[in-house]
Amino acid sequence: MDYDDILLKTIAALENGKGERSLGSFTHLLVDEFQDINPLQYRLIRLWKRNSGSLFCIGDANQSIYGFRGASAECFAHLASDYPDCLQVTLQENYRSTPEILGCAQPVVHSQALASNQPSGSKVQLVRTSSARSEGIYIAHEIIHMMGGIDMLGAHGAKKRAHMQSKAFSFSDIALLYRTHRQAAELEYCLQKEGIPYVVLGREDYLSDAEVQRALAFFRLLCTPQNLLALSSSLLAAGCSHEQITFIRQRYQDADHYLEALAQELRAQAESSSALLQFSQLLEHFLPLFSRTAPQVLLEDWAAQQGIEKNACFERLLCAASAYKDLPSFLSNLTLGQEADIRRSGSRAYPLDAVTLSTLHGAKGLEFEAVFLCGLNKGILPLQNIGNNDLGEERRLLYVGMTRAKTSLHLSYYAEPSPLLSELPAAFFEADTAADRKKILGKQLSLFDA
60 MDYDDILLKT
70 IAALENGKGE
80 RSLGSFTHLL
90 VDEFQDINPL
100 QYRLIRLWKR
110 NSGSLFCIGD
120 ANQSIYGFRG
130 ASAECFAHLA
140 SDYPDCLQVT
150 LQENYRSTPE
160 ILGCAQPVVH
170 SQALASNQPS
180 GSKVQLVRTS
190 SARSEGIYIA
200 HEIIHMMGGI
210 DMLGAHGAKK
220 RAHMQSKAFS
230 FSDIALLYRT
240 HRQAAELEYC
250 LQKEGIPYVV
260 LGREDYLSDA
270 EVQRALAFFR
280 LLCTPQNLLA
290 LSSSLLAAGC
300 SHEQITFIRQ
310 RYQDADHYLE
320 ALAQELRAQA
330 ESSSALLQFS
340 QLLEHFLPLF
350 SRTAPQVLLE
360 DWAAQQGIEK
370 NACFERLLCA
380 ASAYKDLPSF
390 LSNLTLGQEA
400 DIRRSGSRAY
410 PLDAVTLSTL
420 HGAKGLEFEA
430 VFLCGLNKGI
440 LPLQNIGNND
450 LGEERRLLYV
460 GMTRAKTSLH
470 LSYYAEPSPL
480 LSELPAAFFE
490 ADTAADRKKI
500 LGKQLSLFDA
């Protein structure tokens with residue numbers, strides 16, 4: 060049973076009159092992030108409202124960006140139609156972004172509903188670069204400049220940018236946002252070359268790696284022995300047949316503290332299978348450790364036991380684990396956490412002050428002093444072959460990304476720019492071309508190999 064099944068069964072129970080008593084104690088229903096609900100959730104809201112005293116919904120149609128999950132900005136129209144007497148209160152002030160940022164962002168969604176209550180600041184920077192690598196280099200050096208440092212490249216054009224920033228930022232004030240996870244690779248490379256600490260938000264492809272999944276299944280089994288899926292996955296990876304797995308599940312699924320007994324039984328059967336012997340040894344080794352050892356240390360131990368070397372995906376798992384002190388919270392966050400809750404650092408040492416890297420979807424609800432929106436190319440935003448029905452959502456996605464910024468917003472692209480950039484009002488941005496590093500410094504001074 061998944062989350063949608065729970066919703067369906069709840070709706071069925073309420074429609075059949077079986078859940079009425081459970082609603083008796085509720086007189087007020089508050090729905091936050093209303094723009095993110097799907098039709099199934101809206102049906103449930105209507106059923107709850109049937110017997111409740113009041114319904115209060117908060118949302119912004121311009122931030123409806125989860126159409127791939129079934130959400131629709133039309134939910135507001137449905138609400139007004141179903142409850143024609145409802146009172147609508149429109150908030151007209153933006154307390155985050157400067158007038159320049161807001162003035163640039165709102166036309167993207169064909170809106171002028173909000174006015175900034177912040178003082179005027181610097182114009183939005185629209186920068187063209189020659190490649191994904193040069194875009195990453197440009198961003199890395201802008202971050203150095205924002206931190207108050209100026210290298211030889213930073214000195215070039217520093218006078219031009221002097222008016223743009225009145226104070227130095229910390230790394231955690233800065234975010235790099237992009238449309239898809241695959242765009243992060245070049246950015247990470249350039250940040251690492253400059254020694255800039257960073258964390259990456261959200262679920263990434265490394266979690267689909269076979270070695271990563273095998274390790275996670277094993278440690279989920281240790282934390283939740285009654286997790287039959289984790290038990291089956293671990294036993295299958297250890298070389299057990301489906302018949303053996305069925306027998307073990309039936310024998311031990313109702314027993315308490317059965318993993319110790321399972322390890323002993325597998326050891327007894329291991330004469331015919333070295334894989335079973337290894338699995339029993341892993342159980343005996345990690346059972347005394349998992350509840351009192353940091354997850355990164357456990358995973359490093361696991362990698363050594365399994366002979367895992369030069370696996371980039373497993374290395375990313377180790378970097379993600381560095382942010383957690385205990386195994387259950389790490390595993391729980393990977394499974395249940397929102398995109399912004401799942402963090403991977405750029406190294407095994409988790410930085411307390413770091414630049415944030417995230418997809419546009421993952422950054423929703425967050426805010427930063429300075430934001431770089433990267434890779435705003437034709438075919439990336441909007442995504443290539445996007446349907447007409449989804450173009451509005453791509454616009455809202457760009458709007459959400461732009462309005463994460465409080466005082467400084469940089470938009471960058473290489474190759475052909477996104478057609479959405481042509482709609483930005485000229486009064487609120489400055490267009491520029493990032494200078495090629497080698498042309499300025501000469502190869503002997505370049506920190507990068509282009």
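For reference, each letter of the sequence shown is one residue, going 60 to 509 in the working numbering. Glycine included, each C-beta is placed from N, C-alpha and C at the ideal position.
Please report the Cβ distance between ALA120 and GLN151, rounded to the nearest whole angstrom; I am assuming they are in contact, meaning their Cβ atoms lie under 8 angstroms. Contact flag wrong, Cβ pair sits at about 14 angstroms.
Should TYR472 and GLY434 be called a contact, given that it needs their Cβ atoms to be closer than 8 angstroms? yes
Bounding residues of the alpha helix (DSSP H) (the contiguous stretch that carries LYS68): 62-74
Rounded to the nearest angstrom, how far is the Cβ of LEU321 from that of LEU342, given a contact under 8 angstroms? Contact between LEU321 and LEU342 holds, since their C-beta atoms are separated by about 7 angstroms, short of 8 angstroms.
Own chain residues within Cβ distance below 8 angstroms of SER179, not counting five before or after: The answer, listed in chain order, is THR157, PRO158, GLU159.
Report yes if the C-beta distance between VAL414 and TYR237 is below 8 angstroms; otherwise report no. no
Could you check if ASN97 belongs to the surroundings of the ligand FMN, using beta carbon to heavy atom distance under 7 angstroms? Summarising the ligand content, the structure contains no ligands, and the ligand FMN is consequently not present.
For the segment 401-483, which segments carrying the beta strand (DSSP E) assignment without a break, of at least 3 residues, lie completely within its bounds, in sequence order? 402-404, 414-418, 427-432, 464-473
Do you know offhand how far GLU263's Cα is from SER417's? 10 angstroms
Cβ shell of LEU185 (< 6 angstroms), same chain only, five flanking positions each side left out: LEU470, PHE488, ALA490
Would you mind reading off the limits of the beta strand (DSSP E) that contains HIS56? Nothing in the structure corresponds to residue 56, since the chain is present only between 60 and 509.
Backbone CA spacing between GLY289 and THR466 [nearest angstrom]: The question names Gly, but residue 289 is Ala in the sequence shown. Cα to Cα, ALA289 sits roughly 47 angstroms from THR466.
Does the segment 387-397 touch the segment 278-286, meaning 3 or more C-beta pairs lie closer than 8 angstroms? Three or more Cβ pairs drawn from the segment 278-286 and the segment 387-397 lie within less than 8 angstroms of each other, which places the two stretches in contact.
CA nearest to the CA of SER339, picked from GLN364, PRO143, THR352: GLN364
Give the single residue among LEU275, ASP95, GLU428 whose Cα lies nearest to the Cα of PHE230. GLU428
DSSP three-state label for THR352, please. In this structure, THR352 counts as coil in the three-state DSSP scheme.
Would you mind reading off the limits of the alpha helix (DSSP H) that contains VAL271? 269-282
Would GLU482 pass as a contact of GLY126 if the rule is Cβ separation under 8 angstroms? Not in contact: GLU482 and GLY126 (Cβ atoms no closer than 8 angstroms).
Look at VAL148 and CYS163 and say whether their C-beta atoms are less than 8 angstroms apart. Cβ atoms of VAL148 and CYS163: not closer than 8 angstroms.
Reference ASP400, options VAL259, ALA227, LEU103, LEU246, closest by Cα: VAL259
With respect to the alpha helix (DSSP H) encompassing TYR248, which residues constitute its N-terminal and C-terminal limits? 243-252
Buried or exposed for ASP95, please, with buried defined as at least 16 other CB atoms from any protein chain shown within 10 angstroms of its CB. buried
Please state whether DSSP places ALA217 in a helix, a strand or coil. With a pLDDT of only 46 at ALA217, under the threshold of 50, the placement of this residue in the model should not be trusted; the figure read from the coordinates follows. Helix at ALA217.
Roughly how many angstroms lie between the CA atoms of THR305 and LEU318, to the nearest whole one? 16 angstroms
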